[in-house]
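> Numbering (my numbering), first residue to last: 8 to 403. A virtual CB, placed ideally from N, CA and C, is assigned to each residue, including glycine.
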Amino acid sequence: MALTIDGIGETRGTEHDGAGDVYAQAIRNCAARMEGENPLAAAEALQDELSRLDKATKRGSVGPRHVLVIGGAGYVGSVMVRELLKRGYKTRVLDNFLYSNSLSLEGLYDEPGFSLVMGDLRDDATLDRALDGVTDVVLLASLVGDPISKKFPDLTRSVNQAGSETVFKALEGRGIHKFVFTSTCSNYGMRDSDEPADETSELKPLSIYAETKVGFEQFLLEQGKTSEAIPTVLRISTAFGLSHRMRFDLTVNEFTAALAKGEALDVYDKDTWRPYCHVRDIAGAVIRVLEAPEEKVRGEVFNVGADENNYTKAMIIDEILTHIDGKVSYVEKGSDPRNYRVSFAKIKNVLGFEPRHSVKAFVPELIEAVRSGLYLRSEEIPGYYGNYDVREEAAA
Ligand SMILES: NC(=O)c1ccc[n+]([C@@H]2O[C@H](COP(=O)([O-])OP(=O)(O)OC[C@H]3O[C@@H](n4cnc5c(N)ncnc54)[C@H](O)[C@@H]3O)[C@@H](O)[C@H]2O)c1
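#1: Helix, strand or coil for GLU315, going by three-state DSSP, please let me know.
#2: Relative to the alpha-carbon of THR245, which residue among TYR82, SER336, GLU42 has its alpha-carbon at the smallest distance?
#3: Is the distance from the Cβ of GLY95 to the Cβ of LEU257 below 9 angstroms?
#4: Buried or exposed, going by whether 16 or more other CB atoms sit within 10 Å of the CB of PRO389?
#5: Quick one, are the C-beta atoms of LEU213 and LEU150 less than 9 angstroms apart?
#6: CA-CA distance, PHE175 and VAL338?
#7: Relative to ligand 1, is the shortest distance from any of its heavy atoms to the C-beta of TYR106 smaller than 8 angstroms?
#8: Tell me which residues share the same chain as GLY333 and place their Cβ nearer than 7 angstroms to its Cβ, disregarding the 5 neighbours each side in the sequence.
#9: Buried or exposed: which applies to PRO203, given that a residue is buried once 16 or more other Cβ atoms fall within 10 Å of its Cβ?
#10: Can you name, in chain order, every residue of its own chain whose Cβ lies under 7 angstroms from the Cβ of THR191, other than the five neighbours on each side?
#11: Could you round the C-beta distance between LEU147 and THR189 to whole angstroms and report it? I think they count as a contact, below 8 angstroms.
#12: Can you list, in chain order, the residues of its chain with a C-beta nearer than 6 angstroms to that of LEU210? Leave out the 5 residues immediately preceding and following it.
#13: Could you give the DSSP three-state label for GLU307: helix, strand or coil?
#14: Any heavy atom of ligand 1 closer than 8 angstroms to the CB of GLY4?
#15: Go through its chain and collect everything with a Cβ distance to SER350's Cβ below 6 angstroms, but skip five positions before and after it.
#16: If you draw a straight line from the C-alpha of ASP135 to the C-alpha of SER234, how long is it?
#17: According to DSSP, which residues form a beta bridge with ASP143?
#18: Between the Cα of GLU224 and those of ALA132, TYR116, PHE369, PHE309, spot the shortest distance and give me the residue it belongs to.
#19: Would you mind working out which of ASP288, GLY291, VAL366, PRO300 sits nearest LYS320, comparing C-alpha positions?
#20: Which residue spans inside the segment 29-101 form an unbroken alpha helix (DSSP H) run of at least 4?
#21: For ALA39 and LEU57, I'd like the C-alpha separation in whole angstroms.
#22: So the alpha helix (DSSP H) ARG378 belongs to, where does it begin and stop?
#23: Expressed to the nearest angstrom, what Euclidean distance is found between the alpha-carbon atoms of GLU298 and SER379?
#24: Mark HIS23 as exposed unless 16 or more other C-beta atoms lie within 10 angstroms of its C-beta, in which case mark it buried.
#25: CB of LYS93 to nearest heavy atom of ligand 1: below 8 angstroms?
#26: Please state the DSSP three-state secondary structure of ALA403.
#27: Once DSSP output is grouped into helix, strand and coil, what is the label at GLY20?
#28: Within 10 Å of its beta-carbon, does THR207 have 16 or more other beta-carbons around it, so buried, or fewer, so exposed?
#29: May I ask you to verify whether the segment 41-53 touches the segment 63-80, counting CB pairs closer than 8 angstroms and requiring at least 3?
#30: Could you work out which residue in ILE34, GLY70, SER250 is closest to GLN54 when comparing CA atoms only?
#31: Let me check you understand the geometry: is the CB of SER244 closer than 8 angstroms to at least one non-hydrogen atom of ligand 2?
In structure tokens, the structure reads:
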């Protein structure tokens, strides 16, 4: 059963706009992006939009860009949706609020250009309603993280692999322009050397979460050679940053919040490497792909992050302890053996994309936020602040 909510008021472009208005809007949007942005990216955005409109004209259905974000109420999605709206895109969320996380979209329900379809991506009627009239799809929804996928292995396979395949197959014949899939750098698993992994490095998934991400990547890259929608895989670093659906089960957020609250912290395998990326930069990378020319992104895989945000756990702790005192115990041989450094040269060279946010700058920001009481309710409603358990009705 799906519930649909449409934002009210004027949007900056509707299906009823004439084709001329849509072209004028595309040019205005791209011109506006020249301000403070890479001019090449702005020019490419215009090139991509004109090619999309050309195909839409041939189909006889010219309309403004309308992006469906599946999983848009999550940690990454609730930030991304607001960025898309700010950029002038009509934006729809399909989400089943697996973690009772509907609060993350508060304030958007009457926003012009925003709509919500509440339901499960595995339900055909819900998916059909969500896809109606959209031009691009970003697939974020999954069971995210090793612990939750271990706890719900069947649900994880059903959503992350079979469900994702159903979504992609349902795009055919609808004139969808781009399909962006958020995968994970966890796919690199445990690397023997400290040499950074690039997009061609061997994948060694160590969890059901990573296995299903690798599985859908393979499906997508195979299907995407000839599909109507242009597919791209983004292998994203572990996220950090403030979000409307904050997650305190992610390393930088977890360590910083615990020490800011004065809790003693056990840190396992302190010398293991991992790359990190701010949620706003993840949104930026997705938008860059949505606006890039087909030849740069069709069937491509990009690691998303920054070389300067490759950290060992001990380096993150050192960063936090430059701001506050804290009690940390290091423990060897924990249950999570992942160890990988990642190269972000491809996304920088091909798309000119470089993250703007660093772990270094974020740590004091989160300490301040926690100490000023921003997350007082995290003790009261822990389920909302991390992927610890799922809503019973949504877990079938
Ligand atoms: N957070 C990270 O550190 C990180 C790192 C690498 C990649 N990623 C990827 O980014 C994406 C988003 O991650 P996140 O941290 O925002 O996760 P999240 O768990 O906060 O959000 C996932 C969202 O998907 C929704 N959802 C789950 N199953 C659904 C279903 N069957 N139907 C409809 N909606 C469903 C949930 O309700 C939730 O709102 C994921 O694809 C994840 O693999 C995240």
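So, from the listed chains and residues:
#1: helix
#2: TYR82
#3: No, these two residues do not count as a Cβ contact at 9 angstroms.
#4: exposed
#5: no
#6: Their backbone Cα atoms lie some 43 angstroms apart in a straight line.
#7: Checking the Cβ of TYR106 against ligand 1 gives yes.
#8: If we look at GLY333 and ignore the five residues flanking it on each side, its Cβ neighbours are LEU266, LEU272, ILE327.
#9: buried
#10: ALA217, LYS220, ARG242, ILE243
#11: 5 angstroms
#12: ASN194, VAL221
#13: strand
#14: Given that the chain is displayed from residue 8 to residue 403, the structure contains no residue 4 and the question cannot be resolved.
#15: Within the same chain, and ignoring the five residues on either side of SER350 in sequence, the residues whose Cβ sits closer than 6 angstroms to its Cβ are PRO203, ASP205.
#16: 18 angstroms
#17: VAL74, LYS185
#18: PHE309
#19: VAL366
#20: 46-66, 84-93
#21: If you take the alpha carbons of ALA39 and LEU57, they lie about 16 angstroms apart.
#22: 366-378
#23: 38 angstroms
#24: Note that HIS23 scores 47 on pLDDT, short of 50, meaning its location in the model is unreliable; the coordinates nonetheless yield the value given after this. Exposed is the call here.
#25: no
#26: coil
#27: Note on GLY20: pLDDT 40, under 50, position unreliable in the model; the coordinate value appears next. Reduced to three states, the DSSP call for GLY20 is coil.
#28: exposed
#29: These segments do not touch.
#30: ILE34
#31: The model on display carries ligand 1 but not ligand 2.
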